[in-house]
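Quick note on numbering: the sequence shown equals residues 114 to 415 in our numbering. Let me begin by presenting the structure, written as structure tokens, before commenting on it.
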Amino acid sequence: MPQESCDLVGPFSFFVQALLGFLSFLVLIVKRYKEKPKRQWKIWILDTSKQLASAFVAHLLNLFLSIILSSGNDDVDPCHWYFITVIFDTTVGVFLCYLILHQFEKLLTSTKYEKFKSGNYFNIITPDQAISIQEQHQKAGKNVDKEKLNTNLLRPIIQVNIGIWLMQLLIWNVIVIMSKSVLYFIQMGLQNVLLQIAGFLFQGITNIYLELIIVMAIIPVVMNGLQFWVQDNFLKKHEFSQTDKEFLMVEMFAPEDLDGLVELNQVQNQFRNTQCSFEDNNSQTKKYQQNASYDIENSDAI
Numbered sequence: 114m115p116q117e118s119c120d121l122v123g124p125f126s127f128f129v130q131a132l133l134g135f136l137s138f139l140v141l142i143v144k145r146y147k148e149k150p151k152r153q154w155k156i157w158i159l160d161t162s163k164q165l166a167s168a169f170v171a172h173l174l175n176l177f178l179s180i181i182l183s184s185g186n187d188d189v190d191p192c193h194w195y196f197i198t199v200i201f202d203t204t205v206g207v208f209l210c211y212l213i214l215h216q217f218e219k220l221l222t223s224t225k226y227e228k229f230k231s232g233n234y235f236n237i238i239t240p241d242q243a244i245s246i247q248e249q250h251q252k253a254g255k256n257v258d259k260e261k262l263n264t265n266l267l268r269p270i271i272q273v274n275i276g277i278w279l280m281q282l283l284i285w286n287v288i289v290i291m292s293k294s295v296l297y298f299i300q301m302g303l304q305n306v307l308l309q310i311a312g313f314l315f316q317g318i319t320n321i322y323l324e325l326i327i328v329m330a331i332i333p334v335v336m337n338g339l340q341f342w343v344q345d346n347f348l349k350k351h352e353f354s355q356t357d358k359e360f361l362m363v364e365m366f367a368p369e370d371l372d373g374l375v376e377l378n379q380v381q382n383q384f385r386n387t388q389c390s391f392e393d394n395n396s397q398t399k400k401y402q403q404n405a406s407y408d409i410e411n412s413d414a415i
């Protein structure tokens with residue numbers, strides 16, 4: 114390796130990496146303020162924390178692979194491998210993660226484990242479910258707090274399940290590691306071509322600190338920002354059942370962004386009530402007609 118080369122693990126590198134992490138995180142904050150409806154902060158934190166954890170894991174793997182791939186070859190700059198790895202991660206890697214997550218969630222749906230689908234962090238306890246749970250606990254001889262179980266209320270209790278979030282966090286990191294493994298073999302197969310391209314792109318940069326800033330700050334901030342933005346779209350909850358729309362959306366989204374949705378739900382509910390009232394009136398009319406016909410037949414018989 115040349116006497117002066119790109120050092121991925123030096124003090125200056127760590128400073129640049131910390132700056133990278135902070136700037137990339139800002140992208141998610143900007144996205145939260147621009148989206149409609151905005152997620153409540155507690156939901157946003159649960160969603161984005163999965164990306165932050167996986168980004169840290171991916172960053173460590175990138176450093177490790179860049180050092181390993183460049184070791185034993187004095188002509189290979191570790192920063193070139195890091196650049197290649199970042200580009201692969203934020204393009205092909207995002208696509209692979211989406212495919213793996215999509216197939217995994219289809220499997221969860223088919224096996225009735227939909228609660229582990231990304232973005233589902235809630236337990237919705239209805240009164241009927243609470244009574245069933247209470248009966249199960251009573252049969253097992255356990256004491257039950259009726260207020261916590263919601264047996265005395267009409268509306269469901271909404272609870273954030275941290276255990277489910279932890280499982281989703283684990284699943285997402287496993288998916289990222291699987292994607293990294295595939296990308297590693299692709300990079301190994303194309304290493305000669307990829308290194309030639311990287312060498313051509315950086316051949317005019319002779320200052321190692323400038324190269325380090327470009328490779329470990331400027332390019333990752335732009336590419337990781339795009340990666341975070343895209344991944345956030347399929348990691349957050351985007352499918353809502355009728356029960357979710359009735360009870361969960363108020364817990365997930367900022368109140369000021371739900372006004373239009375609430376008005377729409379009210380119109381739909383009024384329509385349903387009117388429809389039910391109309392159907393009830395029809396059924397009562399038919400019943401009256403049947404009774405009147407029955408009375409006429411009886412009077413004729415007499």
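Glycine included, each C-beta is placed from N, C-alpha and C at the ideal position.
Mind checking who Phe-235 pairs with in its DSSP beta bridge? As a working note, residue 235 is residue 122 in the sequence shown. Its beta-bridge partners are Val-273.
Determine the closest residue to Pro-157 out of Ser-231, Tyr-297 and Gly-276, with distance taken between C-alpha atoms. Translated into positions along the sequence shown, residue 157 becomes position 44. Note that residue 157 is Trp in the sequence shown, not Pro. The residue with the shortest Cα to Cα distance from Trp-157 is Ser-231.
Using a 10 Å radius around the Cβ and a threshold of 16 neighbouring Cβ atoms, would you call Gly-276 buried or exposed? The sequence position of residue 276 within the sequence shown is 163, counting from 1. Exposed, by the Cβ-count rule.
In three-state DSSP terms, what is Glu-392? Against the sequence shown, residue 392 aligns to sequence position 279. Because the pLDDT at Glu-392 is just 47, under 50, the model does not fix this residue reliably, and the point stays unresolved.
Please determine whether the Cβ atom of Leu-173 lies at a distance below 6 Å from any heavy atom of the ligand SAH. Although the ligand SAH was asked about, the structure shown includes no ligands whatsoever.
Reference Gln-130; option with closest CA among Gln-344, Ile-271 and Ile-327: Counting from 1 along the sequence shown, the entry for residue 130 is found at position 17. It is Ile-327.
Anyone know if the C-beta pair for Ile-197 and Leu-307 falls short of 7 Å? As a working note, residue 197 is residue 84 in the sequence shown. As a working note, residue 307 is residue 194 in the sequence shown. Against a cut-off of 7 Å, the Cβ pair of Leu-307 and Ile-197 comes out as a contact.
Helix, strand or coil, according to DSSP, for Phe-315 in the structure here? Counting from 1 along the sequence shown, the entry for residue 315 is found at position 202. In the structure shown, Phe-315 sits in coil (DSSP, three-state: anything other than H, G, I, E or B).
Determine which residues share a DSSP beta bridge with Arg-152 and list them. Along the sequence shown, read from residue 1 onward, the residue named residue 152 stands at position 39. As a beta-bridge residue in DSSP terms, Arg-152 pairs with Phe-366.
Answer with buried or exposed for Pro-368, where buried requires no fewer than 16 other C-beta atoms within 10 angstroms of its C-beta. As a working note, residue 368 is residue 255 in the sequence shown. Exposed is the call here.
For Thr-224, does the three-state DSSP call read helix, strand or coil? Here the question's residue 224 lines up with position 111 in the sequence shown. Note: Thr-224 maps to coil in three-state DSSP.
Applying the criterion that 16 or more other CB atoms from any shown protein chain within 10 Å of the CB defines a buried residue, is Pro-124 buried or exposed? Position 11 of the sequence shown, counting from 1, holds the residue named residue 124. Answer is exposed; the Cβ neighbour count stays below 16.
Using a 10 Å radius around the Cβ and a threshold of 16 neighbouring Cβ atoms, would you call Lys-293 buried or exposed? What you label residue 293 is simply residue 180 of the sequence shown in a count that begins at 1. The residue is buried, with at least 16 neighbouring Cβ atoms inside 10 Å.
Nearest to Val-334 by alpha carbon, out of Ser-223, Pro-191, Leu-314 and His-172? As a first step, residue 334 is located in the sequence shown; it is residue number 221 there, counting from the start. When each option's Cα is compared against that of Val-334, the closest is His-172.
Does the beta-carbon of Leu-178 have 16 or more other beta-carbons within 10 angstroms, so that it is buried, or is it exposed? The sequence position of residue 178 within the sequence shown is 65, counting from 1. Buried is the call here.
Suppose you measure from the CA of Ser-162 to the CA of Thr-204; what does that come to, to the nearest Å? Here residue 162 corresponds to residue number 49 of the sequence shown, with the count starting at 1. Here residue 204 corresponds to residue number 91 of the sequence shown, with the count starting at 1. When rounded, the distance between both Cα atoms is 21 Å.
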